[in-house]
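Accompanying notes for the structure given below.
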Amino acid sequence: MCCILLKNLLMDDDVMLNFNSFAPPQMKKLPPFRVFEQWLLDYEPVVGVLDYGVHYWASWTKDRRRTICKKTDNPLVITSVWFDGVFNAFDYKAIEHLFPYRTQYEKISWWSLHRYMCTAVELIFRGQALMYVPITAGNPTHRSYPKSVSNMSVYWRSYVDTIRAEAPLVYRNQSLFDVLRQNLEDYIMKTRTYCMNESRHQPIKPYAHFDSRTEM
5 MCCILLKNLL MDDDVMLNFN SFAPPQMKKL PPFRVFEQWL LDYEPVVGVL
55 DYGVHYWASW TKDRRRTICK KTDNPLVITS VWFDGVFNAF DYKAIEHLFP
105 YRTQYEKISW WSLHRYMCTA VELIFRGQAL MYVPITAGNP THRSYPKSVS
155 NMSVYWRSYV DTIRAEAPLV YRNQSLFDVL RQNLEDYIMK TRTYCMNESR
205 HQPIKPYAHF DSRTEM
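Structural data, given as structure tokens:
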């Protein structure tokens with residue numbers, strides 16, 4: 005792990021960044037890593053993520069946004085719910101609320117680790133995972149690692165239960181815990197988190213979305 009200004013950056017050791025078709029020409033005057041760094045300073049998300057061409061990429065997330073929210077614009081910053089762990093930048097103020105990774109299932113599947121992280125971000129800081137669309141992260145060289153999906157729903161639900169048990173008592177009866185726990189993959193497809201505001205400099209306050217009058 006290395007640090008970028010006020011962010012802790014977690015990335016695979018073979019990561020590569022490239023501009024994609026969403027990047028305007030003027031953006032390409034700087035290296036993509038520098039452009040991403042500038043964007044982090046401009047927006048200060050809880051977690052900043054990039055397009056990833058394998059799954060839940062920018063085009064897929066934009067499609068969810070159009071389908072669920074009826075938004076037809078084409079922004080360079082969108083709210084993300086499910087993101088790959090290849091290249092993530094976490095605000096230092098959120099670290100204590102999201103880490104450490106829960107590793108009890110890592111010998112079975114490394115994918116379980118990031119299911120925990122995406123779930124924690126969604127439940128604790130809903131709407132504050134932002135994707136910077138014009139840059140794609142890739143990791144062309146993969147070592148072999150455990151990736152069983154057997155019983156993944158069981159592990160996933162245990163993460164929801166853990167996060168709920170660790171939440172302040174006042175929030176533990178919020179229905180979002182039950183909705184996510186019961187649906188899992190369906191939640192990722194249909195949640196209205198994709199419709200939430202992608203504004204700059206949102207306060208980094210855990211569970212603040214439960215206090216909002218505009219809770220979705």
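When the letters of the sequence shown are read in order and numbered with the numbering used here, they come out as residues 5 to 220. A virtual CB, placed ideally from N, CA and C, is assigned to each residue, including glycine.
Could you tell me the boundaries of the alpha helix (DSSP H) in which residue i lies?
i	result
Ala169	156-170
Thr65	62-73
Val183	179-187
His59	Neither: His59 is in no alpha helix (DSSP H) and is coded neither H nor E.
Arg176	Here Arg176 belongs to no alpha helix (DSSP H), and DSSP marks it neither H nor E.
Gln42	36-47
Ile99	99-102
His205	Segment: none, His205 is in no alpha helix (DSSP H) and carries neither H nor E.
Asp88	Neither: Asp88 is in no alpha helix (DSSP H) and is coded neither H nor E.
Asp215	212-215
On the DSSP letters alone, give me the boundaries of the beta strand (DSSP E) that residue i sits inside.
i	result
Thr140	133-142
So residue i and residue j are supposed to be a Cβ contact under 8 Å. How far apart are they, rounded?
i	j	result
Pro36	Ile139	5 Å
Phe103	Val51	Contact doesn't hold; Cβ gap of about 11 Å is too wide.
Thr197	Val164	Not quite, the Cβ-Cβ distance comes to about 15 Å (not below 8 Å), so this is no contact.
Tyr175	Tyr211	5 Å
Gln132	Gln206	6 Å
Thr166	Arg106	7 Å
Straight-line CA distance for residue i to residue j?
i	j	result
Glu126	Ile99	14 Å
Leu54	Val137	6 Å
Ile82	Lys111	33 Å
Met193	Asn24	24 Å
Ser84	Met135	6 Å
Ser157	Leu188	8 Å
Val90	Gly142	7 Å
Ala171	Val19	34 Å
Pro79	Phe214	26 Å
Val183	Glu48	28 Å
Leu21	Arg38	10 Å
Lys74	Trp61	19 Å
Tyr120	Phe87	11 Å
Ser216	Arg69	21 Å
Phe129	Arg161	18 Å
Leu34	Phe26	15 Å
His118	His101	15 Å
Tyr56	Leu180	27 Å
Ile72	Ile208	26 Å
Leu173	Lys32	48 Å
Asp67	Cys199	12 Å
Asp77	Asp190	25 Å
Give me the DSSP bridge partner(s) of residue i.
i	result
Met20	Gly142
Ile82	Met135
Is residue i buried or exposed, if buried means 16 or more other CB atoms sit within 10 Å of its CB?
i	result
Ala169	exposed
Tyr96	exposed
Val58	exposed
Asn250	The shown model of the chain, from 5 to 220, leaves out residue 250, and the question about it has no answer.
Ser203	exposed
Asn177	exposed
Thr195	buried
Asn92	buried
Leu44	buried
Pro150	For Pro150, the predicted model reports a pLDDT of 49, less than 50, meaning its position is unreliable; a value from the coordinates is still stated below. When all chains shown are included, Pro150 counts as exposed.
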